[in-house]
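Note sheet for the following structure.
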Amino acid sequence: MLVCDIPAERYSNPHSDYNIDREVNLAVSWLESVMRRSLRLAENFKIRTFANRSDLIRVQWLTSVRDEVWRADHIYFQSQNRDKEVTFNYSFQTMSPAFTLVVYIKEESKFVDTGRRIVVSVYGLIRTE
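Heads up: the sequence shown begins at 74 in the numbering used here, then just goes up one per residue.
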C-alpha cells in the first residue's frame, strides 16, 4: 500500500506556490511551442503585451493572419516593457525587443505580485525567475 503525505491544499488552493509555478510553467511551455512552430512553419509572429494586468498571452502570426491566445486560470501577466508588441523572427531566431512578464495573482479585489517573472531574451530564450 502506497501512502502519499502531500497536503491537499497544495493542489486545491489556486494561490499555492505549487499551482502558481505550475501555471507559469504552462505559459512558458506554450510560448516555447509557439517558437518551435514558428521555426517549423518559417513564419514570424508578434506577441501583444499588455500594460495592464491580463490573464492572456496573445500571439499574432504575421503571414497567415491568425491569432492564438493562451489564457491562465489563476495568474495574471503584466509587461515591464513600454513596447506593446514584440516580434519573433524565425530566420534569426530572435525576439525583438526582449521582454519580461511580471506574474500576479488576484486576492479579493487587488492584484498581488508573486515575485515570479517570465523573461524572454533577445535570443528567444525563456527563463523564469
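Where a beta carbon is used, it is the ideal one built from N, C-alpha and C, also for glycine.
message: Can you check which of these residues, Thr136, Val142, Lys119, is closest to Ala100 by C-alpha distance?
response: In terms of Cα proximity to Ala100, the closest of Thr136, Val142, Lys119 is Val142.
message: For a test of the three-state rule: what should DSSP assign to Asn162, helix, strand or coil?
response: Here Asn162 sits in strand by DSSP.
message: Measuring only the C-alpha atoms, how far is Asp186 from Pro87?
response: Each residue's Cα considered, the two are about 15 Å apart.
field: Arg190 to Ala115 span [Cα, whole Å]
entry: Each residue's alpha carbon lies about 28 Å from the other.
Tyr177, buried or exposed, once every other Cβ within 10 Å from all chains shown has been counted against 16: Flag for Tyr177 reads buried.
field: Whole-number beta carbon distance between Thr167 and Gly197, since they are thought to touch under 8 Å
entry: With a Cβ gap of about 6 Å, Gly197 and Thr167 count as contacting.
- request: Indicate the three-state DSSP secondary structure (helix, strand or coil) for Val185 in the structure shown.
  value: Val185 falls in the strand class under three-state DSSP.
message: Are the CB atoms of Arg131 and Arg121 within a distance shorter than 8 Å?
response: Against a cut-off of 8 Å, the Cβ pair of Arg131 and Arg121 comes out as a contact.
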